[in-house]
Every structure is written in C-alpha cells, then in structure tokens.
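Worksheet: one structure, shown below.
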Amino acid sequence: MGIKNSTQRKKTLRVNYLQQIAKVFSQTEKQQHDSAACSFCSSCHPSIDELSESLTLSKMVRCLRDTKCSQLRLQLSSALFAISALSEQHRVLVAQSGALPCLVRILYCDDLKTCEMAAWALATIIKNSPRESDLVAAYGATLPLATLMCNPRAEIQRAALEVLQQLSLGSSYRIGLLLKNNILPNIRVVLFQPRSDPDVLIRTFILLCYIIQEGNRSQKLEVINADFLPALIDGLCRSEAHVKRVAADTIFELLSAALPFVPCSTKRIAHVLILLCDHLATEELWVLQIIYDVLVLLEKYAIDMRYVVRYCDGFKKLEEMQRSANKEISIVAIEIVELCNSNLI
283 MGIKNSTQRK KTLRVNYLQQ IAKVFSQTEK QQHDSAACSF CSSCHPSIDE LSESLTLSKM
343 VRCLRDTKCS QLRLQLSSAL FAISALSEQH RVLVAQSGAL PCLVRILYCD DLKTCEMAAW
403 ALATIIKNSP RESDLVAAYG ATLPLATLMC NPRAEIQRAA LEVLQQLSLG SSYRIGLLLK
463 NNILPNIRVV LFQPRSDPDV LIRTFILLCY IIQEGNRSQK LEVINADFLP ALIDGLCRSE
523 AHVKRVAADT IFELLSAALP FVPCSTKRIA HVLILLCDHL ATEELWVLQI IYDVLVLLEK
583 YAIDMRYVVR YCDGFKKLEE MQRSANKEIS IVAIEIVELC NSNLI
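Read left to right, the sequence shown gives residues 283 to 627 (the numbering used here).
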C-alpha cells in the first residue's frame, strides 16, 4: 500500500510540475523560464496522462503560435520533436494539439536552426501517417521545404528531405503539390551541387524514387522528361558504396517508369551497365542483382544490351563468382552468365 501511495504521490507531483510549466507558457515575456520548461518537457519523458492532465501541450502550442522569439521557437520545436518521438500515442497527442500549422509557419522564418528543428518535428509527427501528411501539405509546407533542401548546409537539407520523403509517400495529390512547387528543379540543384554530402545525395535519390513509384502516369512522365539519368550516372561514379547502391536502385526505378512510354538512350544504358560491371570486384550481391534486373527489364522491351556485359572487363569476374562460396551470389552470377550467353532476341 505504501509503495502504491508513493507512486501516486510522485505522479501527482509530476502533473503539478507540468501544470506549473503550463502556466509559464502563458507568460511569453519570461522567455528564459519558457526555455527551461521546454527543456524539462523534452527530457522528463512525460506520460500521456501527465501531458493531458497538465494541459502543457496546448500551452506550448499557444506559445509557439504567439512568440516572435527565435530561441523560444527553437526550444518549443525541439520539445515537440522529443515528445512526439516517445511513442505512437505521444505522436498522436502532439498531432492533435494544433502544433502542425505552427511548425509549418516556422519553416518560413529566417532562422535556419529553428527551421531545421521544426522540420525534424514535422517529420516525426507525420511519420507513417497519411492524414497528418495531408494536413502538413495543405498548410503549405511543400514550398519552404523545397527551398530548404537546396540550402548549402547539409544539416538543413537532411531535415527538409526527411519531411519531403514522408510527403511523397502514398499520395499522388501530395506529389502534385511537390511538382507544383518546383521539387524537380530543386532535386537537380542538389544532385549537381559540387561535393554534395553523401547522406544528402542518398536522401535525394530516395525522394526521387518515391516520386517515381507513387506518382500517377502524368507525374511519372514529368520526372522522365526532367532527364535525371546523367545525374544518377554521376552518383554511380561516386566513391561511397552506399551512394552507388541507392543511385543504382533509382536508375532501375527510372528505367522501369520510362521504358513503357519513351525510348531511352542505349548509350546511357550501356554506360550504366559498364559502371556496374566495374563494381563487380567488390563481390556485393546488390551489384549482381541490379545488373540482372536491368538486363531482364531491357529484354522485356526488346532492348538487347547483354553484349555490354558479355564483353566488358568484369565478365571474367562474373564467371568466377559462379563458384562463390556465397550461395546467393553464385546463383545470381550463374543467371547473368547464362542470360548473356543465350541466343540473341
């Protein structure tokens, strides 16, 4: 009984403390106190019941809506990010608190650090949630996010791309908004930035993949006509293996979308296959799998590019990998060699 009463007293104290913090959020002139309150909320792991009973979230959102202090906006965005990341129930509670339009509005502010934190908070709140994603798009997030992804600071780009990826999933309507707000020219800017951050490149490739996969026919054609293949080929030339892999996957998605509608340059496709074959020395399964998938895809549309693989320097390596101790590698290598040695179409 004593333990139970002690636990109840602790919970009551925490709720009372949160209620005191909630009062502080009504006094925006005491910004240092607000910042301390934000720090507490993001570090004490408040329960759903505690947040609900104390009305802290509603006070935080009201303060975020009304304040012009960039430091306070940063603190509040950080606290909302931390709380929404605690659990699915916390995420839903933050989403229902009215925070979304306030966070979207912050994306338009001049302080980049605050924009970055607001973007991370939005990405966490809308994760795997079509409803919240629709709301964020409707509140006008696509335009500032498309601008932020071109910022020269990689940390800003990552945060913006995280939200853009979420918005591009599962909705041709949201993809339409992204296209309307110049997402394709901005993707091009990022892909051709000198010395682009590898993580930013990967996130941009993934965003492009999602737009191709989720877009309707006219949206796919818009991506195809934007001619991203040269930029993706540049990605295959990067030194980072993980960048090469995502670039290769994106190339396959682009070819899969393009071939039913428009002719593709066989010269460029040959270049892609040669670069992939050059990477066979690493003996990574994904390299073999993408080569096989591309050859099969091309064969489906009566485009025979097997000779490129058959007569490249990497073909001997392919023949060796047929005897690999790794069974998966051996199987795919055998399939590629048999495909390249079979009769012409």
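For glycine and all other residues, C-beta sits at the position ideal for the given N, C-alpha and C.
- Exclusion of the five residues before and after C384 leaves V343, L346 and R347 as the residues of its chain whose Cβ lies within less than 8 Å of its Cβ.
- Two segments are said to touch when three or more pairs of C-beta atoms, one from each, lie closer than 8 Å; by this definition the segment 606–616 does not touch the segment 576–596.
- Within the segment 527–585, the complete alpha helix (DSSP H) segments at least 4 residues long are 548–560 and 567–582, listed from N- to C-terminus.
- For the pair A405 and D516, the Cα-to-Cα distance works out to about 29 Å.
- It is roughly 8 Å from the alpha-carbon of E565 to the alpha-carbon of I611.
- Secondary structure at A508: coil, using DSSP grouped into helix, strand and coil.
- Shown here, E444 sits in a helix according to DSSP, grouped into three states.
- Per the coordinates, the alpha-carbon of D560 lies some 16 Å from the alpha-carbon of M587.
- Pairing K409 with E601, the inter-Cα distance amounts to about 44 Å.
- Counting along the chain, the unbroken alpha helix (DSSP H) around D481 starts and ends at P480 to E496.
- Put simply, the segment 445–465 touches the segment 486–498. At least three CB pairs are less than 8 Å apart.
- The beta carbon of E370 sits closer than 8 Å to none of the beta carbons in its chain outside the five residues before and after it.
- Judged by DSSP in its simplified three-state form, K395 adopts helix.
- By the neighbour-count definition (other C-beta atoms within 10 Å, threshold 16), V576 is a buried residue.
- Cβ contact annotation for A539 (same chain, cutoff 8 Å, sequence separation greater than five): I494, K502, V505 and I506, in chain order.
- The distance from the Cβ of A530 to that of L558 is about 7 Å, consistent with a contact at the 8 Å cut-off.
- Taken in chain order, the whole alpha helix (DSSP H) runs of length 4 or more contained in the segment 361–444 are 370–377, 381–388, 394–408, 412–420 and 424–430.
- 8 Å or more divides the Cβ of C432 from the Cβ of V376.
- Under the three-state reduction of DSSP output, G596 falls in the coil class, being neither helix nor strand.
- Of the residues L570, E437, G422 and T338, the one whose Cα lies closest to the Cα of G596 is L570.
- Taken atom to atom, the span from the alpha-carbon of S450 to that of W568 is near 25 Å.
- Each residue's CA atom was taken as its position, placing S624 and F487 some 34 Å apart.
- For E620, the secondary structure class from DSSP, reduced to helix, strand or coil, is helix.
- For S453, the three-state secondary structure derived from DSSP is coil.
- Just so you know, the alpha carbons of A436 and I484 end up roughly 12 Å apart.
- Excluding sequence positions up to five before and after F363, its CB lies within less than 8 Å of the CB of S324, M399, W402, A403 and T406, all in the same chain and listed in chain order.
- DSSP places R477 in the coil class of the three-state scheme, outside both helix and strand.
- The alpha-carbon of R387 is positioned some 15 Å away from that of S360.
- The residue from P476, C622 and P480 with its alpha-carbon nearest to that of V578 is C622.
- Boundaries of the alpha helix (DSSP H) around L339: T338 to D348.
- Only buried fits A442, as 16 or more other CB atoms lie within 10 angstroms of its CB.
- Apart from the 5 residues on each side of it in sequence, A508 sits with its Cβ closer than 6 Å to the Cβ of L466 in its chain, given in chain order.
- When DSSP states are grouped into helix, strand and coil, S334 belongs to the helix group.
- Only residues of its own chain outside the window of five on either side were considered, and among them L368 have a CB closer than 7 Å to the CB of H327, listed in chain order.
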